[in-house]
Amino acid sequence: MTTEEVAADQGLVRVEAAVKRFRTPEGGWVTPLDRVSLSIRDNEFLTLLGPSGCGKTTLLKAIAGFEDLDDGEIYLDGQPLSGTPAYRRPFNTVFQSYALFPHLTVGDNVGYGLDVAGVAREERDSRVGEALRLVSLEGLDRRMPRQLSGGQQQRVALARALVNRPRVLLLDEPLSALDRKLRQAMQIELKSLQHTVGITFLFVTHDQEEALTMSDRIAVMDQGQFLQIGSPAEIYDAPTNRFVASFIGSSTVLTGSYRGGRVRTAGGLDIAVGTRAFPEGEAVDVVVRPEHLAIAAVAGRPTLPVTLDNVVFVGSDLHLHGRLADGTAISALHRHARGEGELTPGTTLQLSYDPAALHVMKGSKP
Ligand code: ATP
1 MTTEEVAADQ
11 GLVRVEAAVK
21 RFRTPEGGWV
31 TPLDRVSLSI
41 RDNEFLTLLG
51 PSGCGKTTLL
61 KAIAGFEDLD
71 DGEIYLDGQP
81 LSGTPAYRRP
91 FNTVFQSYAL
101 FPHLTVGDNV
111 GYGLDVAGVA
121 REERDSRVGE
131 ALRLVSLEGL
141 DRRMPRQLSG
151 GQQQRVALAR
161 ALVNRPRVLL
171 LDEPLSALDR
181 KLRQAMQIEL
191 KSLQHTVGIT
201 FLFVTHDQEE
211 ALTMSDRIAV
221 MDQGQFLQIG
231 SPAEIYDAPT
241 NRFVASFIGS
251 STVLTGSYRG
261 GRVRTAGGLD
271 IAVGTRAFPE
281 GEAVDVVVRP
291 EHLAIAAVAG
301 RPTLPVTLDN
311 VVFVGSDLHL
321 HGRLADGTAI
331 SALHRHARGE
341 GELTPGTTLQ
351 LSYDPAALHV
361 MKGSKP
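In this text, residue positions in the sequence shown follow the numbering used here: the first is 1, and each later residue adds one.
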């Protein structure tokens with residue numbers, strides 16, 4: 001989004017041209033926020049997604065008020081937040097480490113903020129009960145944190161953050177300490193919790209599957225910049241650059257030049273991509289995802305020869321990993337059917353594809 005577009009979009013929270021630099025102990029500089037702009041809408045589930053060290057936590061901390069910006073501004077309801085300390089911002093943060101008070105009961109952990117704020121006992125108890133109900137922990141308010149599972153402790157941390165009804169809940173990799181099954185269950189729960197409470201969630205993760213599962217929109221970050229902001233389907237189906245295409249889902253990105261509905265790559269491949277709005281001779285990248293390629297021949301569809309390196313059986317599907325004629329690694333997904341013949345490494349298959357399904361984007365440097 002350009003600065004003008006951000007100005008036109010009156011989000012709940014607006015980050016405008018935010019810059020943050022750190023001097024490293026090694027004597028250099030890192031710039032985790034390199035003039036980033038973002039508009040967070042009221043009541044949306046927005047995820048900051050990017051590899052480790054790209055600046056996600058720094059942005060979350062700047063919004064929370066734990067970190068000052070070197071340049072730029074963050075607005076809430078159109079009012080600048082610089083100068084407003086963290087405790088006066090109507091936000092709450094849930095961290096990866098649940099950071100519960102070990103000597104307080106679940107109920108007292110959740111009610112702590114209300115006690116500090118001097119909320120009357122009756123209201124405090126009813127709000128604690130409501131928060132515990134929201135995270136499915138009713139009846140456990142007298143337990144100590146050590147008497148809970150990891151997932152339950154994270155739920156207490158969530159209830160504690162929700163109890164004083166923040167405008168925005170900031171979540172910094174809150175599920176990463178949980179095992180895979182529990183994490184997946186919590187992803188669904190978090191999403192429905194966000195719907196129920198109607199609070200804006202800003203979620204940080206480096207896990208693309210997590211981001212795709214939960215988010216209304218995803219902001220993909222790398223090296224202190226946003227590379228694309230959009231719905232999960234937009235980001236997956238129509239990435240705007242090579243980094244996003246490779247980071248979200250699995251793909252092979254082939255570089256070539258566009259001519260008459262086909263892309264000719266430097267390695268000599270000739271791929272039909274259908275009619276696209278590219279000038280003749282334009283440098284483009286073609287994104288081929290595993291589900292674009294099929295073993296079965298389909299009448300009228302073009303094919304790509306792929307020599308199999310290995311075949312991985314994952315139950316419902318077979319993952320075929322191989323190489324194109326120019327040596328580029330490529331994968332295909334095949335829905336497994338009981339009793340079908342084996343696919344042997346070394347075999348060259350003609351994999352068919354629908355030219356219209358492939359995504360073509362303006363060429364970026366490999
Ligand atoms: P992760 O997923 O690993 O938590 P992240 O995207 O949240 O990564 P940040 O924590 O925002 O990354 O850090 C971005 C960069 O800034 C990293 O290179 C980190 O080493 C550096 N950094 C963060 N805080 C400081 C600091 N206080 N002093 C120096 N460098 C810092």
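Yeah, the Cβ is synthetic: ideal placement off N, Cα and C, and Gly gets one too. On a predicted model such as this, the values are computed, not experimentally measured, just so you know.
Asked, Found
"Cβ-based neighbour list, residue 366, same chain, cut-off 6 angstroms, excluding 5 preceding and 5 following", "Residue confidence for residue 366 is low, a pLDDT of 43 falling below 50, so the modelled location carries little weight and cannot support an answer."
"Cβ pair residue 32, residue 224 closer than 8 angstroms", "yes"
"Runs of alpha helix (DSSP H) wholly within the region 113–185 (minimum 4 residues, chain order)", "121–134, 150–162"
"Short Cβ contact (8 angstroms threshold) for residue 132 with residue 110", "yes"
"Given 8 angstroms, three or more beta-carbon pairs between the region 37–54 and the region 190–205", "yes"
"Test item, CB below 5 angstroms from any non-hydrogen atom of the ligand ATP", "22, 30, 32, 52, 53, 54, 55, 56, 57, 58, 206"
"Limits of the beta strand (DSSP E) - the one that residue 303 falls within", "303–313"
"Limits of the beta strand (DSSP E) - the one that residue 236 falls within", "Looking at the DSSP string, residue 236 is not in any beta strand (DSSP E); the run it does join, the alpha helix (DSSP H), is 232–237."
"Inter-stretch contact at 8 angstroms, needing at least 3 Cβ pairs: the region 247–265 / the region 352–364", "yes"
"Backbone secondary structure at residue 71 - three-state DSSP", "strand"
"Simplified DSSP assignment, three categories, for residue 192", "helix"
"Own chain residues within Cβ distance below 8 angstroms of residue 424, not counting five before or after", "Summary: the structure shown does not reach residue 424, with the chain confined to residues 1 through 366, and so no result is reported for it."
"Residue 366 in three-state terms, based on DSSP", "Low per-residue confidence applies at residue 366: pLDDT is 43, beneath 50, and the placement is therefore not dependable enough to give any value."
"C-beta contact flag for residue 107 and residue 128 at 8 angstroms", "yes"
"Sequence-distant residues of its chain with Cβ nearer than 7 angstroms to residue 150 (five each side left out)", "177, 178"
"Check whether residue 344 and residue 323 have beta carbons under 8 angstroms apart", "no"
"Residues near residue 356 by beta carbon distance below 6 angstroms, same chain, minus five either side", "274"
"Neighbourhood of residue 100 by C-beta, 7 angstroms cutoff - its chain only, sequence neighbours within 5 removed", "109, 145, 153, 156, 157"
"Residue 232 versus residue 210 - alpha carbon distance", "11 angstroms"
"Helix, strand or coil at residue 279 [DSSP, three-state]", "coil"
"Nearest residue (CA-CA) to residue 173, options 217, 40, 358, 98", "98"
"Residue environment, residue 103, which counts as buried when at least 16 other CB atoms sit within 10 Å", "exposed"
"Spatially closest choice to residue 251 from 312, 12, 333, by CA coordinates", "333"
"Nearest candidate by alpha-carbon position, reference residue 299, set 317, 291, 350, 123", "350"
"Distance cut-off 7 angstroms: residue 51 Cβ against heavy atoms of the ligand ADP", "Ligands displayed in this structure: the ligand ATP; the ligand ADP is not among them."
"Status (buried if at least 16 other CB within 10 Å, exposed otherwise) for residue 380", "The shown model of the chain, from 1 to 366, leaves out residue 380, and the question about it has no answer."
"Rounded straight-line distance, which links the Cα of residue 359 to that of residue 269", "16 angstroms"
"CB contact flag (residue 50, residue 287, <8 angstroms)", "no"
"Supposed contact pair residue 201 and residue 227 - C-beta distance, whole angstroms, cut 8 angstroms", "Actually they do not touch by this definition, with Cβ atoms about 21 angstroms apart."
"Contacts around residue 11, its chain only, beta-carbon distance under 6 angstroms, and the 5 residues preceding and following it disregarded", "39, 40, 41"
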